[in-house]
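From first to last, the protein sequence lines stand for chains P and S. FYI, the numbering for the first sequence is 9 to 242, going by our numbering. FYI, the numbering for the second sequence is 9 to 242, going by our numbering. Where a beta carbon is used, it is the ideal one built from N, C-alpha and C, also for glycine.
Protein chains: 2
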Amino acid sequence: MDRGAIVIRGPAPLPEEIAGILAREIASGVYDPGDQLPTEQALMGRFKVSRAVVREAISRLKSDGLVRSARGSGLFLAHPLDRRSFKVATDLLADRTEMLAMLELREAVEAEAAALAATRRTPLQLERIVAAHAAFLEADERSEAGVAADVAFHVRIAEATGNGHFVSFVAYIGGSLAKVIRTVLGEVRTPAVKVVTAAEHARILAAITARDPETARAALHGHLEGVRQRLAGS
Amino acid sequence: MDRGAIVIRGPAPLPEEIAGILAREIASGVYDPGDQLPTEQALMGRFKVSRAVVREAISRLKSDGLVRSARGSGLFLAHPLDRRSFKVATDLLADRTEMLAMLELREAVEAEAAALAATRRTPLQLERIVAAHAAFLEADERSEAGVAADVAFHVRIAEATGNGHFVSFVAYIGGSLAKVIRTVLGEVRTPAVKVVTAAEHARILAAITARDPETARAALHGHLEGVRQRLAGS
DNA sequence: CGACAAGGGTTGTCAGACAACTTCGGGCGT
DNA sequence: ACGCCCGAAGTTGTCTGACAACCCTTGTCG
Numbered sequence: 009m010d011r012g013a014i015v016i017r018g019p020a021p022l023p024e025e026i027a028g029i030l031a032r033e034i035a036s037g038v039y040d041p042g043d044q045l046p047t048e049q050a051l052m053g054r055f056k057v058s059r060a061v062v063r064e065a066i067s068r069l070k071s072d073g074l075v076r077s078a079r080g081s082g083l084f085l086a087h088p089l090d091r092r093s094f095k096v097a098t099d100l101l102a103d104r105t106e107m108l109a110m111l112e113l114r115e116a117v118e119a120e121a122a123a124l125a126a127t128r129r130t131p132l133q134l135e136r137i138v139a140a141h142a143a144f145l146e147a148d149e150r151s152e153a154g155v156a157a158d159v160a161f162h163v164r165i166a167e168a169t170g171n172g173h174f175v176s177f178v179a180y181i182g183g184s185l186a187k188v189i190r191t192v193l194g195e196v197r198t199p200a201v202k203v204v205t206a207a208e209h210a211r212i213l214a215a216i217t218a219r220d221p222e223t224a225r226a227a228l229h230g231h232l233e234g235v236r237q238r239l240a241g242s
Numbered sequence: 009m010d011r012g013a014i015v016i017r018g019p020a021p022l023p024e025e026i027a028g029i030l031a032r033e034i035a036s037g038v039y040d041p042g043d044q045l046p047t048e049q050a051l052m053g054r055f056k057v058s059r060a061v062v063r064e065a066i067s068r069l070k071s072d073g074l075v076r077s078a079r080g081s082g083l084f085l086a087h088p089l090d091r092r093s094f095k096v097a098t099d100l101l102a103d104r105t106e107m108l109a110m111l112e113l114r115e116a117v118e119a120e121a122a123a124l125a126a127t128r129r130t131p132l133q134l135e136r137i138v139a140a141h142a143a144f145l146e147a148d149e150r151s152e153a154g155v156a157a158d159v160a161f162h163v164r165i166a167e168a169t170g171n172g173h174f175v176s177f178v179a180y181i182g183g184s185l186a187k188v189i190r191t192v193l194g195e196v197r198t199p200a201v202k203v204v205t206a207a208e209h210a211r212i213l214a215a216i217t218a219r220d221p222e223t224a225r226a227a228l229h230g231h232l233e234g235v236r237q238r239l240a241g242s
């Protein structure tokens, strides 16, 4: 289980780089839950960095619940059921299969969010969704503002569920991760695509306006099916 | 924005405690995205700890994507759309409203997982679900094994989706967080409850066996509705 | 007014030390 | 011969101090 010495000097801070490398090794399945990982000293030697850097990298992994440490004993791989967060390895999203799988999870949550929004939205929340839709229509589809308007539409719908966990999840998976996908895979953003997207958004909005949860759910499914196809074609 | 001096000497490591305190402050809305947080020196003074401890705590928050730092400038609150993980503040789960909201999100995902499992499961994956169900029937409902068997049933279903993101999410929200809820709120675990739960599980299993996604979806909804009622009654 | 330099402030990294704990091996006693 | 206790070695947790690399603000000069 010797990884070999690695010297890292990239733009990202060292703890971030090292945590990423370790997380990828962990994800590759080389360790079983409960297995001991290399000691701090060993990691220092391997990455040619100070102990502080190693500890900061380990702190990152601890925050995710990937590892746990025991004073005097060492660092151990945590059990999958002991995770402290749901986190998608962003470098995996360059793989189309992984990206589509993530979209599938997103769709499960956002379809439910749309249905709940149709049921629960307040007049103010609806106004905000309408405003977000208008902003999307106005924005240039290739601009940062266009991207932000697209994301905001989804987040506003999640807000109308009245459930903060939906908001957090949609912000993460529809915002942050979606941004990664756009960067890595390059979602097609042309005027024609925007017209189609705007129509899909409009159908979702109409169902939420009409307080029709099942139509909202189906419209959201249709929209993400459209996203899937646009990403598959690029 | 002075938080006052705090001395921490609990069982958990200091960086973990401090990261928790800071995360709660951030969640309370005292900072807006882009706002500068206290400097490392200020946090050292506030918590009466060394700089290394402060940096490790900050590393935890960075891993979550809650904060980002800029050399020479300071530490800043990240935008919600820049989160790097989905993470539920576990201390919030003592609040019944928050706990039920989290269950709602869990239900959205697990209902979809059940439907996908009904569509996609392989004979081997079905065997594993059957085995998990059998283990649940055999286990004492108040034992650790009983809890583990309950969780395993859900995770096995997620595995049958063939989508690793569903597995990770269900392990997190149905495993780790569900454990927190049981600890904090004390889910009722009596023989009578186990009989009902087992029947609910059996309905899900039957639908997956029969490759009937809509029935699997409905059965999962029914099961989590049952969980909700059992938690509401406790 | 713009550009550059200097000073102060902030994060990133390194090195060394000690505290608090775990683990393992050896010695001693029954 | 076996079990228990103690000491040594190993490991993580915390502290301290130093320097590097950067940012920001202010002042001076062209």
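Bounding residues of the alpha helix (DSSP H) (the contiguous stretch that carries residue i)
i: S/Leu69; result: Arg59 to Asp72
i: P/Ser176; result: Gly172 to Val178
i: P/Phe144; result: Pro131 to Glu146
i: S/Thr191; result: Leu185 to Leu193
i: P/Gly182; result: Run containing P/Gly182: none; DSSP gives neither H nor E here.
i: P/Thr98; result: Where P/Thr98 is concerned, there is no enclosing alpha helix (DSSP H), given that its DSSP letter is neither H nor E.
i: S/Gly154; result: Glu152 to Glu167
i: S/Gly234; result: Pro221 to Ala240
i: S/Glu48; result: Glu48 to Phe55
i: S/Val38; result: It is not in any alpha helix (DSSP H) - S/Val38 carries neither H nor E in the DSSP assignment.
i: S/Leu89; result: Element bounds for S/Leu89: n/a, residue is neither H nor E.
i: P/Pro199; result: Pro199 to Thr217
Host beta strand (DSSP E) of residue i (start-end)
i: P/Ala272; result: Absent from the structure is residue 272 of chain P, since the part of chain P shown begins at 9 and ends at 242.
i: P/Gly82; result: Gly82 to Leu85
Residue from the options whose Cα sits closest to the Cα of residue i
i: P/Leu85; options: P/Ala109, P/Thr47, P/Leu134 and P/Ala143; result: P/Thr47
i: S/Glu167; options: S/Thr191, S/Val188 and S/Pro131; result: S/Pro131
i: P/Pro221; options: P/Ser184, P/Ala119 and P/Ala206; result: P/Ala119
i: P/Val75; options: P/Asp43, P/Ser36 and P/Ala50; result: P/Asp43
i: S/Pro19; options: P/Ala240, P/Gly183, P/Ala78 and P/Arg236; result: P/Ala78
i: P/Leu108; options: P/Ala186, P/Val203, P/Gly170 and P/Arg219; result: P/Ala186
i: S/Ala147; options: S/Thr198, S/Arg190, S/Gly183 and S/Gly170; result: S/Thr198
i: P/Arg238; options: P/Ala156, P/Pro41 and P/Leu111; result: P/Leu111
i: S/Val204; options: S/Ala35, S/Phe144 and S/Ala126; result: S/Phe144
i: S/Ala121; options: S/Val61, S/Ala224 and S/Arg104; result: S/Ala224
Interface residues of chain P facing residue i [CB-CB closer than 8 Å]
i: S/Phe94; result: Ser93, Phe94, Lys95, Ser176, Phe177, Tyr180 and Ile181
i: S/Leu228; result: By Cβ distance, chain P contributes nothing, its closest Cβ being about 12 Å from S/Leu228, past 8 Å.
i: S/Pro23; result: Ser67
Cβ-based neighbour list, residue i, same chain, cut-off 6 Å, excluding 5 preceding and 5 following
i: S/Val188; result: Thr98 and Leu101
i: P/Leu227; result: The sequence shown places Ala at residue 227 of chain P, not Leu. Contacts found: Arg211, Ile212 and Ala215.
i: S/Arg164; result: Arg136, Ile137 and Ala140
i: S/Ala160; result: Ala140
i: P/Gln49; result: none
i: S/Val235; result: none
i: S/Glu149; result: Arg197 and Lys202
i: P/Phe177; result: Val117
Contact set for residue i: own chain, Cβ-Cβ below 7 Å, skip 5 residues either direction
i: P/Ala65; result: Pro23, Ile26, Ala27 and Leu30
i: S/Val192; result: Leu101 and Ala102
i: P/Gly73; result: Ala86, Asp90, Arg91, Arg92 and Ser93
i: P/Gly80; result: none
i: P/Arg63; result: Glu48
i: S/Val96; result: Met110 and Leu185
Cut-off 8 Å between Cβ atoms - residues of its own chain near residue i, not counting five sequence neighbours on either side
i: P/Gly230; result: Glu208 and Arg211
i: P/Leu134; result: Ala168, Ile216 and Thr217
i: P/Met9; result: Model confidence at P/Met9 stands at a pLDDT of 43, short of 50, so the residue's coordinates are unreliable and nothing is read from them.
i: S/Ala116; result: none
Closer than 7 Å at the beta carbon, the chain S residues around residue i
i: P/His173; result: Val96, Ala109, Met110 and Leu113
i: P/Arg63; result: Glu64
i: P/Glu260; result: Residue numbering for chain P in the displayed model covers 9 to 242; residue 260 of chain P lies beyond these limits and cannot be assessed.
i: P/Val159; result: Leu89
i: P/Ala215; result: Near P/Ala215 there are no residues of chain S at all, since even the closest Cβ is about 17 Å away, more than 7 Å.
Chain S contact residues for residue i, given Cβ-Cβ distances below 8 Å
i: P/Ser71; result: Ala27, Ser67, Arg68, Leu69, Ser71 and Asp72
i: P/Ser151; result: What P/Ser151 touches in chain S: nothing, since even the nearest Cβ is about 16 Å away.
i: P/Ser184; result: Gly73, Leu89, Asp90, Arg91 and Arg92
i: P/Ala60; result: Ala60 and Arg63
Q. What beta strand (DSSP E) runs, 3 residues minimum, are completely inside the segment 109-133 of chain P?
A. none
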